[in-house]
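Participant: Input: one structure, supplied below.
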Amino acid sequence: MFDFDRICYLRWVREMAAAEPARVPLTYSGMFPPALDWLEGIPPSELVEFDGSDHPALARDMAAEWGLGGEQVTLVPGSHWSIMLCLMQRLDEVDGPVVVEEPAYEPLWRICEALGLQVLRWPRLRQNEFALDPERLEELVAARPSAFLFSHPHNPSGATFSPADRELLREFQERSGALLISDEVYLEFEDDQAAATLMHAFQDTLVIRSFTKVMGLGPVRCSAIAGSAPRIAHLARIADYSHVMLPAPTRAVATRAWQRRAELWARAREAARLGRVEVQEWLGRADGLVEAYLPGSGIICFPRLTAPAHAAAVKVARRRGATVEPGRLPGLEPSAALWIEDLMQRTGIQLTPGEFFGDGQAFRLGFGIEPELLRTGLQGIETWLRQAMEEA
């Protein structure tokens, strides 16, 4: 039985997009759009050109870049639909629960539940730089899961799998037979993509890549799925029941972006480097208020307030009248969302509440914006928290 309940995070994102823009938006996990003068020369004919191939030229070019055969990559309109297709492909082969990491990007487990799949959780340990919890291995293998769905780099923390994580994944897959579905929409923030990707690391893996996060082209809605030729052929058949093919305007823009990929990736990595410097300095100043693992790449991390700071922040926010509409969060008692609401109202600084990822004491911080604006936002958060500690 299907159950298309609301995905709270996406409803919230849409509300934020319709509201007055934040003065300091620290919610973005991807880059802002680049200068787009390179799109001016697209011939109008390309915007309506029919290409019904399962592997259009762009897919074959991407496959070559990744050391794959042209039949091992297909294009899909957006990463969420890519996740849906990967799950449906596996569901068409075998029954069984799906393992999803925790904390997790809400759509990962929501899409599973919408398809009627049982969801099991594999904790990623904050105290160990968001490594997979090895103590859950036996329980998860015994459940005979059909797949493990995860983000790499991890959303919301930005962490990548360590060598120990990869060995754990290898043992998990060998013993369970589960398909690995790796959502790698942030991977191009890594300098060495070939070493970072799981595309060649395991026997049975579907990898999702995107033009959204690193290139800053989210509204284009172009993703790629890479895997074995039989799995990709199966996915293409399922696509006949849904999007059929990538829209021509999407393909035209994505093709031009792919031709400039080195420039766009370099832009993103430089923004990540500059932002990381600011966040590292801020974490030093905010000691006693905030704790965080800061990854070595990307533009997101998942800070957590210390227990005293969290208690004070929630208490003061409630006293000031902050509320969260019932049903707006994915089943968690609102806590971080309360003080983040008050912070936004008083300062114009917007953060993403940790409730959307399963941790009401945390928040996702996006630091890919201009360093001066980022510095202003970080200082504003620190000032608000220190005032809350005094008022509480």
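Here the numbering used here is used: the first residue of the sequence shown is 39, the next is one more, and so on. For every residue, glycine included, the Cβ atom is placed at its ideal position computed from N, Cα and C.
Counting only the same chain and skipping the five closest in sequence on each side, list residues whose C-beta sits under 6 Å from that of L113.
Facilitator: Contacts found: A97, A262 and L284.
Participant: Taking all protein chains shown into account, decide if R162 is buried (16 or more other Cβ within 10 angstroms of its Cβ) or exposed.
Facilitator: The residue is buried, with at least 16 neighbouring Cβ atoms inside 10 Å.
Participant: Could you tell me whether the region 209-225 touches the region 245-263, using the rule of 3 or more Cβ pairs below 8 Å?
Facilitator: Yes: the two stretches touch, three or more of their Cβ pairs being nearer than 8 Å.
Participant: Give me the residue from C150, E379, R289 and P172 with the minimum Cα distance to Q127.
Facilitator: When each option's Cα is compared against that of Q127, the closest is C150.
Participant: Which runs of the beta strand (DSSP E), 3 residues or longer, sit entirely within the region 285-331?
Facilitator: Here no run is fully enclosed.
Participant: Which residue from E139, R356, L153 and D230 puts its Cα closest to that of F186?
Facilitator: Out of E139, R356, L153 and D230, E139 has the C-alpha closest to the C-alpha of F186.
Participant: Are N193 and I378 close, meaning C-beta to C-beta below 8 Å?
Facilitator: Taking 8 Å as the Cβ cut-off, N193 and I378 do not qualify as a contacting pair.
Participant: Would you check if there are 3 or more beta carbon pairs closer than 8 Å linking the region 170-182 to the region 312-326?
Facilitator: Too few Cβ pairs lie closer than 8 Å, so no.
Participant: Quick check on DSSP: helix, strand or coil for I270?
Facilitator: Of the three classes helix, strand and coil, the one that applies to I270 here is helix, per DSSP.
Participant: Taking the runs of the alpha helix (DSSP H) that are 4 residues or longer, which of them lie wholly in the region 337-373?
Facilitator: The region 337-373 contains these whole alpha helix (DSSP H) runs: 345-357.
Participant: Going by other Cβ atoms of all chains shown within 10 Å of its Cβ, with 16 needed for buried, is D230 buried or exposed?
Facilitator: With fewer than 16 Cβ atoms within 10 Å of its Cβ, D230 is classed as exposed.
Participant: Can you check the region 169-249 for any beta strand (DSSP E) of at least 3 residues that lies completely inside it and give the ranges in chain order?
Facilitator: If we require 3 residues or more, the beta strand (DSSP E) runs fully inside the region 169-249 come out as 185-189, 217-221 and 243-248.
Participant: Would DSSP call I387 helix, strand or coil?
Facilitator: Three-state result, I387: strand.
Participant: Using DSSP with H/G/I as helix, E/B as strand and the rest coil, what is W377?
Facilitator: Three-state DSSP puts W377 in a helix.
Participant: Is C46 near E205, with beta carbons less than 8 Å apart?
Facilitator: No. Outside cutoff.
Participant: Taking G334 as the reference, which of H281, M69 and A234 has the closest Cα?
Facilitator: Per the Cα distances, A234.
Participant: Assuming S120 is part of the alpha helix (DSSP H), what are its boundary residues?
Facilitator: Here the alpha helix (DSSP H) through S120 covers S117 to L129.
Participant: How do the region 297-309 and the region 368-387 stand: do at least 3 beta-carbon pairs fall below 8 Å, yes or no?
Facilitator: The region 297-309 vs the region 368-387: no contact.
Participant: Quick check on P72: does DSSP put it in helix, strand or coil?
Facilitator: Coil at P72, not helix or strand.
Participant: With distance defined between alpha-carbon atoms, name the residue in P59, G359, T65 and R61 nearest to L48.
Facilitator: Comparing Cα positions, the closest option is T65.
Participant: Which term fits H118, buried or exposed, when burial requires 16 or more other beta carbons within 10 angstroms of its beta carbon?
Facilitator: Flag for H118 reads buried.
Participant: Would S280 be called buried (16 or more neighbouring beta carbons within 10 Å of its own) or exposed?
Facilitator: It counts as exposed.
Participant: I think L123 touches L273, with their Cβ atoms under 8 Å apart; what is that distance to the nearest whole Å?
Facilitator: Right, the Cβ-Cβ distance comes to about 5 Å (below 8 Å), so this counts as a contact.
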